Amino acid sequence: MEGNSGGGGGGADKGGGGERGGNDVELLCKTLQVEHKLFYFDLKENPRGRYLKISEKTSATRSTIIVPSSGISWFLDLFNYYVNSDEHDLFSKELQLDNKVFYFDIGENRRGRFLKVSEASVSRNRSTIIVPAGSTRDEGWEAFRNILADINEASRLFIMPNQQQSSEPSEHLVGLSDDVGAGFISGHKQPTSNSDLNVDRSVELPTQDEIGNMGVSKVIRVDQKRFFFDLGNNNRGHFLRISEVAGSDRSSIILPLSGLKQFHEIVGHFVEITKDLIEGMIGANVRTVDPPQR
DNA sequence: GCGGCGC
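At position 171 of the first sequence (counting the first as 1) the number is 179 in my numbering, and the numbers step up by one without a gap.
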C-alpha cells in the first residue's frame with residue numbers, strides 16, 4: 009500500500025531524476041532557509057488526495073514528513089501556538105490525523121531552542137524534522153509559520169481534486185489531543201456583520217434548515233454554465249462553496265466565511281469598473297434561480 | 001557553518 013505518501017514511496021526519489029509515481033502533481037513549492045538548514049515545502053496532489061511534503065535538508069541528511077491536506081491548518085495553528093506563546097508555557101502537542109500521529113516537542117541545547125516535529129505512522133519508520141527557533145526571536149518558527157500560512161491559503165484556492173467532497177472539503181481528522189486548550193484554536197475570527205453586506209437580489213440569509221443541510225442556496229446560469237453557491241460547515245468553520253458546473257465537469261472554490269466580505273468587495277469593484285460593459289447584459293443571459301423555498 | 005532527531 010502506498011499509504012498517503014503518494015508515488016515513489018518515501019525516500020525513493022533520492023538520486024534518481026524521475027518521479028516514480030508520476031501521478032503526483034506539484035501544486036506549490038516553497039523553500040525556507042533557517043540557519044544552515046533548508047526546508048522544502050511541496051504541496052502535492054494525487055488521485056488519493058492532497059498532501060504537504062515537508063523536507064529538512066542539511067548538508068548530509070534529508071528527512072521528510074508528509075502532512076495530509078487536512079492537517080495543514082492544524083500545523084499552522086500549532087506553529088502559531090509555538091510562535092506566540094510564552095517561552096515557559098510551551099508544551100508538547102500531539103496531532104492525530106488519518107493513520108498517523110505527529111508529535112511536537114520543544115528541545116534546547118547550546119545551539120538554541122528547537123521544535124521537533126515527528127511523524128509516526130503504523131507501517132513506516134518515524135521521521136522527524138527539527139526546526140530551529142532562530143537566533144532572533146523565533147525567526148525560524150515564525151518564518152516556518154508564515155510559509156504554512158501561505159500554503160494553507162493557497163491550498164484552499166486550488167480546485168479540489170475530483171474526488172467527491174459533497175459537503176466537506178477533505179477534512180477528516182480524528183483530532184488533536186493533549187492540552188490544546190481554549191484560545192488555541194479560537195484565533196482570529198471576526199464575527200461577520202451582515203450590515204455591510206448589501207447583496208440584494210441574489211443572497212438571502214439561509215434558514216436554519218438550509219444551514220443544517222449545508223443546503224443548496226443559490227444557482228445562477230451564465231451561458232452554458234451553472235454556478236452553485238453552497239454554504240457549508242465543517243470542523244474548521246463555515247465556508248461558502250462556489251462551484252462551476254458545465255456539462256459533467258464541476259470545480260469548486262472553498263471560501264471561508266471570514267473571507268466573504270473581502271470577496272464581496274472585490275466582486276463589487278469589478279462590477280463597478282465594468283458597469284458600462286455589463287449594463288446591457290444583465291438579464292439577457294444571466295438568471296438567478298432560487299431553489300424551492302420552505 | 002553548526003545541532004538536536006533515533007536505540
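Backbone N, C-alpha and C fix where the C-beta goes; we use that ideal spot for every residue, glycine too.
Note that the structure is predicted; figures quoted are calculated from it, not measured.
Contact set for residue i: own chain, Cβ-Cβ below 6 Å, skip 5 residues either direction
i	result
residue 111	102, 126
residue 40	47, 151, 155
Distance between beta carbons of residue j and residue i, contact taken as under 8 Å
i	j	result
residue 274	residue 263	Rounded, the Cβ-Cβ distance is 11 Å, inconsistent with contact.
residue 80	residue 73	With a Cβ gap of about 12 Å, residue 80 and residue 73 do not count as contacting.
residue 60	residue 75	4 Å
Cα-Cα separation between residue i and residue j, rounded to whole angstroms
i	j	result
residue 140	residue 44	10 Å
residue 271	residue 90	31 Å
residue 266	residue 47	30 Å
residue 151	residue 284	45 Å
residue 113	residue 86	11 Å
residue 281	residue 143	48 Å
residue 160	residue 154	10 Å
residue 134	residue 106	15 Å
residue 287	residue 162	33 Å
residue 258	residue 231	15 Å
residue 233	residue 254	5 Å
residue 78	residue 57	10 Å
residue 104	residue 93	22 Å
residue 115	residue 100	10 Å
residue 42	residue 148	6 Å
residue 247	residue 165	13 Å
residue 279	residue 256	29 Å
residue 119	residue 228	59 Å
residue 67	residue 31	29 Å
residue 239	residue 37	31 Å
residue 50	residue 64	12 Å
residue 131	residue 121	30 Å
residue 117	residue 138	13 Å
residue 35	residue 82	19 Å
residue 69	residue 95	29 Å
Close Cβ partners of residue i (< 8 Å) along its chain, the five nearest in sequence each way excluded
i	result
residue 136	71, 73, 124, 125, 126, 127
residue 84	153, 156, 157, 160
residue 33	52, 53, 54
Where residue i sits in the DSSP three-state scheme
i	result
residue 266	helix
residue 133	coil
residue 284	helix
residue 160	helix
residue 153	helix
residue 166	coil
residue 112	strand
residue 142	coil
residue 278	helix
residue 271	helix
residue 97	helix
residue 255	coil
residue 184	Because residue 184 carries a pLDDT of 44, less than 50, the predicted location of this residue cannot be relied on, and no value is offered for it.
Sequence-distant residues of the same chain with beta carbon closer than 7 Å to residue i, five excluded per side
i	result
residue 108	127, 128, 129
residue 277	none
Inside the segment 20-91 only - beta strand (DSSP E) runs reaching at least 3 residues: 33-42, 45-54, 57-65, 70-76
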